[in-house]
Amino acid sequence: MTQTSENVTWLTQEAYNQLKAELEYLSGPARTEIAVKIAAAREEGDLRENGGYHAAKEEQGKMELRVRQLTQLLEHAKVGEAPADDGVVEPGMVVTIAFDGDEDDTMTFLLASREYASTEIETYSPQSPLGIGVNGKRTGEDAEYELPNGKTATVKILAAKPYTG
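Residues 7 to 171 in this note's numbering are what the sequence shown lists, from first letter to last.
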């Protein structure tokens, strides 16, 4: 099955292993721990006014959401391969853009999922408005994306290089 770069998440082997370990913990020991918390809170009596029970159920819901997110992310992950250094913007690339063609007003960021966010460089998701706008563009091309106020901004792609993290 071929996948477009839109639904593929590029991850290093280290990031993949870390997310896989988190999924295994949440799917096993964490589920057991939350079930014990819920059972203990249930034994305290009236569930309508039982803060501990409701807190544990909310924690369980958040945990199950994270399990679904991680499962989907890892199913679509491309591991260990940096994108080609061909000047085309795609996930896994460090991108430098100029706002409104002004090469003095630039920003450099990593186009990647939040799970792969770097502490060294700002990270934008390929599904963000900016990510959607620049994805697939080449160095030298202009890209448009929608601002939160509904207006459209234009940026010029100055560089796109694989992230070496």
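Just so it is clear, CB atoms sit at the ideal spot from N, CA and C, and this is done for glycine as well.
Name the two residues that bound the continuous alpha helix (DSSP H) containing residue i.
i: residue 165; result: Note, residue 165: premise wrong, no alpha helix (DSSP H); beta strand (DSSP E) at 158-168.
i: residue 28; result: 19-33
Judging by CA-CA distance, which residue of the options is the nearest neighbour of residue i?
i: residue 126; options: 43, 170 and 52; result: 170
i: residue 73; options: 25, 158, 165 and 164; result: 25
i: residue 71; options: 147, 111, 100 and 37; result: 37
i: residue 164; options: 94, 98 and 17; result: 94
i: residue 17; options: 117, 48 and 42; result: 117
i: residue 15; options: 133, 147 and 54; result: 133
i: residue 44; options: 119, 35 and 60; result: 60
Distance check for residue j and residue i, CA to CA, integer angstroms please.
i: residue 77; j: residue 131; result: 18 Å
i: residue 52; j: residue 68; result: 23 Å
i: residue 58; j: residue 32; result: 20 Å
i: residue 20; j: residue 30; result: 15 Å
i: residue 113; j: residue 64; result: 39 Å
i: residue 80; j: residue 109; result: 37 Å
i: residue 85; j: residue 99; result: 14 Å
i: residue 40; j: residue 23; result: 24 Å
i: residue 146; j: residue 156; result: 25 Å
i: residue 55; j: residue 159; result: 50 Å
i: residue 153; j: residue 135; result: 7 Å
i: residue 10; j: residue 102; result: Note on residue 10: pLDDT 44, under 50, position unreliable in the model; the coordinate value appears next. Distance between the alpha carbons of residue 10 and residue 102: 23 Å.
i: residue 75; j: residue 66; result: 14 Å
Assign residue i to one of three DSSP states: helix, strand, or coil.
i: residue 116; result: strand
i: residue 84; result: strand
i: residue 140; result: helix
i: residue 44; result: helix
i: residue 77; result: helix
i: residue 38; result: helix
i: residue 155; result: coil
If we call anything under 8 Å between Cβ atoms a contact, is residue i one with residue j?
i: residue 96; j: residue 115; result: no
i: residue 91; j: residue 167; result: yes
i: residue 151; j: residue 142; result: no
i: residue 161; j: residue 104; result: yes
i: residue 47; j: residue 62; result: yes
In the DSSP assignment, find the unbroken beta strand (DSSP E) run with residue i in it and report its ends.
i: residue 49; result: Unbroken run through residue 49: none, as it is neither H nor E.
i: residue 152; result: 148-152
i: residue 94; result: Careful: residue 94 lies outside any beta strand (DSSP E) and carries neither H nor E.
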